[in-house]
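Protein sequences, first through last, are from chains D and H.
Be aware that the first sequence starts at 7, since it is given in my numbering, and climbs by one per residue.
Be aware that the second sequence starts at 50, since it is given in my numbering, and climbs by one per residue.
Glycine residues also receive a C-beta, built at the ideal position from the N, C-alpha and C atoms.
Report on the following structure.
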Amino acid sequence: MLPDGFHRLDPRFVHVQQITGLITAGILSAIALLAFGSLGLAVGASWMMAGLGAGAWLAGSGLLAWWLWVWPRRAYAHASYRLDTEGLEIRRGVIWRRVINVPHTRVQHTDVSQGPIERSHGLSTLIVHTAGTEHAQVALAGLSREDALALRDQLLPRDGRDAV
Amino acid sequence: MPSNNPNQRFHPLTVLFALGGELRNFLLPALFATMTTSRGNSVERFLFVFLVPGAIAAVARYLSSTYRYDATELVVRTGIIFRNERHIPYARIQSVDAVQNVLHRWFGVVDVKVQTGTGGEAEATLSVLPFAALDEMRQRVFEGRPFEPGVAAAEPGADGSVAAPMPQVREARTLLQLPPRELALAGLLDNRGWVVIGAAWGLLFESGVWDRFEGWDSTAWPIYASVLVGLFVIAPVLSMVWAMVRLHGFSLARRSGDLLITYGALTRVTATIPLRRVQAVKIFRGPGHLWAGRASVRVETAGGSPSGRSATEREWIAPIIKMSALPAFVAEVLPEADLSVLNWQPVDSRGFRRRRNVALIWAGVVGGATAPWLGGLWAAGVGLLLAVWWVVSARLYVRSLGWARTDRVMAFKSGWIRRAVTVVPLDKIQVVDLEESPFDRRWSMACLRVDTAGAGAHRIDIPYLSRPIAEDARVALAREAASTTFRW
């Protein structure tokens, strides 16, 4: 159950993260395959060693892919945000949990961006820029495009005067 | 919008200084060339090849660079083929620094660096300007500010009448002046001599001086000993001399709403930091400082990097200061930060137990890992020693942590060997965040962080806070930040 006023991210974001995860897993597996393969050829491994190596690679890739498929769902359950009169509050993290508060008056400017996979699902990422150093950019991914634009509009300076 | 002010060129000596810069770049390769080639005239040809295009480029750059004061911004134009026009709004300028080395002073020119909030290099380096132009720049850039902090109200006269407001008198009030003795102490505490020693050692190693000293015969011992003693004496002396030269004549003054810092014997630096650009005040005390009853103070202005770049000289507003003078000094720089009223609260005392457990585990690991080499008994001894040391330092560390929140500032102190205190005015808080690691969750603690526009080595990053306290603080700080406007 979410506390008062908090919203979850768009559920399609789980799918986006899973696809991204699979692509990442695919690239990593390919690299690992090349590495193992060339190592095996260089060393002149026997068929048994090669079989063992291939088995290890398969197991590792499978595990990685499964992990990157399962994790986004857990992350989704722990992510939420709220925009109120004071500012934007973002909660995320499964193992390492964070609560980030960005006051209205500290927003320098905002970006709404979309990667290709996000675009195909109708999602966007809202990036809030502040004058901070560690949090010079606070990103909130997994918003539907309409929500992201609405949030952005609400985060722009209230009275139009440059508060900075 | 363009004003009627003319586009001004830099000082003609810019060409000379630019050439000097190029020469410095090629000095080392040229030296290398002289040492390795046999033909005598190759050096001249070498220099000629590099200097002539450099000279032509320097003249061209001089002729094509101008600057201009508009109503609200400084406009700097550079470039011939690729023309660049840079507009820097006065409101964004964090500080104006002037650097002069010996040559600059001889000719009466300065190197001016204009800093804004973005990290990295200065946004505009005007090299070189005549000295008089510096005052004009300071006046134009910082003139017409909307408010000046710390301005005293007019006092009622003897008959109870209130005098008309006096015009702003822009004279400087000195806050700190360091005599050479203090600078020497600062150098000693800073201990940069070891860097030179290390470099010298490396050079000597390369040149093969040590190859003569093979073996531990009776003649080598005195030499080794004297070298070691020499190093332990030379390094501190070097540090002290270096500090006395680098910070010679250090003086910090306050003029209206600006801090003026001047120092340097050979390279003279004059820095201007408007008080309202100060994002945080940080006070550092190393073991030497604790022994000598001193501290060093710096301010953070916007433009720091997330990694926390090493302190640039101009931000040490007090390289060294007596502890007795510290509270008054900090109150001048940051009027809201009255160190004496800061009610330091400790973190959760269970934090020690967490650190102690980690220390014991690591001591066990190290002991176990060294057992194959040292044998069971020695390894146990090592483990025990490490355990004692780590547990004691854990206790001292957790006890050194403290934080304080007033209605004007947020402060955090940490460290028992090197003590650091960070004070951040509430209206300079940018983002507040709370983090719980899985271990935090088990102990129901959390870590509170406050982000500001100026970064640095020490920041408000409070570990081992009990969860409800951390949560309250987070909400309160976010509310405070939301209710104040952030003004550059």
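1. Going by Cα to Cα distance, which pick from H:A436, H:L450, H:A527 and H:W438 is closest to V480 (chain H)?
2. Could you tell me the alpha carbon to alpha carbon distance between L161 (chain D) and A302 (chain H), rounded to whole angstroms?
3. Tell me which residues of the region 456-479 of chain H have at least one Cβ-Cβ distance to chain D shorter than 7 Å, keeping chain order.
4. According to DSSP, is G32 (chain D) helix, strand or coil?
5. Could you pull the start and end residues of the alpha helix (DSSP H) that N406 (chain H) belongs to?
6. To the nearest angstrom, how far is it from the Cα of A31 (chain D) to the Cα of F42 (chain D)?
7. From what residue to what residue does the alpha helix (DSSP H) around P487 (chain H) run?
8. Can you pull the chain H neighbours of G93 (chain D), defined as C-beta to C-beta under 7 Å?
9. For G11 (chain D), return the contacting residues in chain H, with the cut-off set at a CB-CB distance below 9 Å.
10. Do V64 (chain H) and Y111 (chain H) have their beta-carbon atoms positioned less than 7 Å apart in this structure?
11. Beta-carbon of A137 (chain D) versus every beta-carbon of chain H: anything under 7 Å?
12. By a C-beta neighbour count over all protein chains shown, 10 Å radius and 16 as the cutoff for buried, is R125 (chain D) buried or exposed?
13. Assuming the contact rule is C-beta atoms closer than 8 Å, T321 (chain H) and R187 (chain H) should be a hit. Round their C-beta distance to whole Å, please.
14. Starting from the Cα of R135 (chain H), find the closest Cα among H:W291, H:G337, H:V145 and H:L123 and give me that residue.
15. Mark L15 (chain D) as exposed unless 16 or more other C-beta atoms lie within 10 angstroms of its C-beta, in which case mark it buried.
16. Output, in chain order, the set of chain H residues within a Cβ distance shorter than 7 Å of I106 (chain D).
17. May I ask you to list the residues that DSSP assigns as paired with T127 (chain H)?
18. Counting only the same chain and skipping the five closest in sequence on each side, list residues whose C-beta sits under 7 Å from that of R444 (chain H).
19. Going by DSSP in three states, G503 (chain H) sits in which element: helix, strand or coil?
20. Compare the C-beta of P487 (chain H) against all C-beta atoms of chain D and say whether one is closer than 7 Å.
21. Given that a residue counts as buried once 16 or more other Cβ atoms are within 10 Å of its Cβ, and exposed if not, what is L76 (chain H)?
22. On the three-pair Cβ rule with 8 Å, is the region 52-63 of chain D touching the region 107-122 of chain D?
23. Give the range of the alpha helix (DSSP H) segment to which V524 (chain H) is assigned.
24. Pick out whichever of H:I366, H:V396 and H:S449 has its Cα sitting closest to the Cα of V382 (chain H).
25. Rounding to the nearest angstrom, what Cα-Cα distance links R325 (chain H) and L234 (chain H) in this structure?
26. Is the separation between the beta-carbon of V472 (chain H) and that of K462 (chain H) shorter than 7 Å?
27. List, in chain order, every chain D residue whose beta-carbon is nearer than 8 Å to that of A502 (chain H).
28. Beta-carbon of H21 (chain D) versus every beta-carbon of chain H: anything under 7 Å?
29. Here's a check: name, in chain order, each residue in its chain whose Cβ is nearer than 6 Å to the Cβ of R79 (chain D), leaving out the five neighbours to either side.
30. From the beta carbon of F401 (chain H), is the nearest beta carbon of chain D less than 7 Å away?
31. For A351 (chain H), return the contacting residues in chain D, with the cut-off set at a CB-CB distance below 8 Å.
32. When DSSP builds the beta bridges, which residues end up paired with A248 (chain H)?
33. Against R103 (chain D), what residues of chain H qualify as contacts under a CB-to-CB distance less than 8 Å, listed in chain order?
34. Does T316 (chain H) come out as helix, strand or coil in the three-state DSSP assignment?
35. If the criterion is Cβ atoms closer than 7 Å, does the pair D397 (chain H) and M494 (chain H) meet it?
The relevant details are as follows:
1. Comparing Cα positions, the closest option is H:A527.
2. 40 Å
3. Taking 7 Å as the Cβ-Cβ cut-off against chain D, the residues of the region 456-479 of chain H that qualify are Q479.
4. helix
5. R399 to L423
6. 16 Å
7. Looking at the DSSP string, the run of the alpha helix (DSSP H) that includes P487 (chain H) is P487 to W492.
8. A527 and A531
9. Neighbours of G11 (chain D) on chain H: none; closest Cβ ~14 Å, over 9 Å.
10. yes
11. yes
12. exposed
13. 6 Å
14. Taking each of H:W291, H:G337, H:V145 and H:L123 in turn and checking the Cα distance to R135 (chain H), the smallest one comes out for H:L123.
15. By the neighbour-count rule (16 or more Cβ atoms within 10 Å), L15 (chain D) is buried.
16. V480 and D482
17. H:N133
18. F401
19. Under the three-state reduction of DSSP output, G503 (chain H) falls in the coil class, being neither helix nor strand.
20. Judged by the 7 Å Cβ criterion, P487 (chain H) is in contact with chain D.
21. exposed
22. no
23. R516 to S532
24. Residue H:I366 is the option with its Cα nearest to V382 (chain H).
25. 31 Å
26. No, they are not a contact pair.
27. A137, G138 and T139
28. no
29. So the list reads V20, once near-sequence residues are dropped.
30. So no, F401 (chain H) is outside the interface.
31. Those within 8 Å of A351 (chain H) in chain D are A137.
32. Beta-bridge partners of A248 (chain H) (DSSP): none assigned.
33. E484, E485 and R490
34. coil
35. yes
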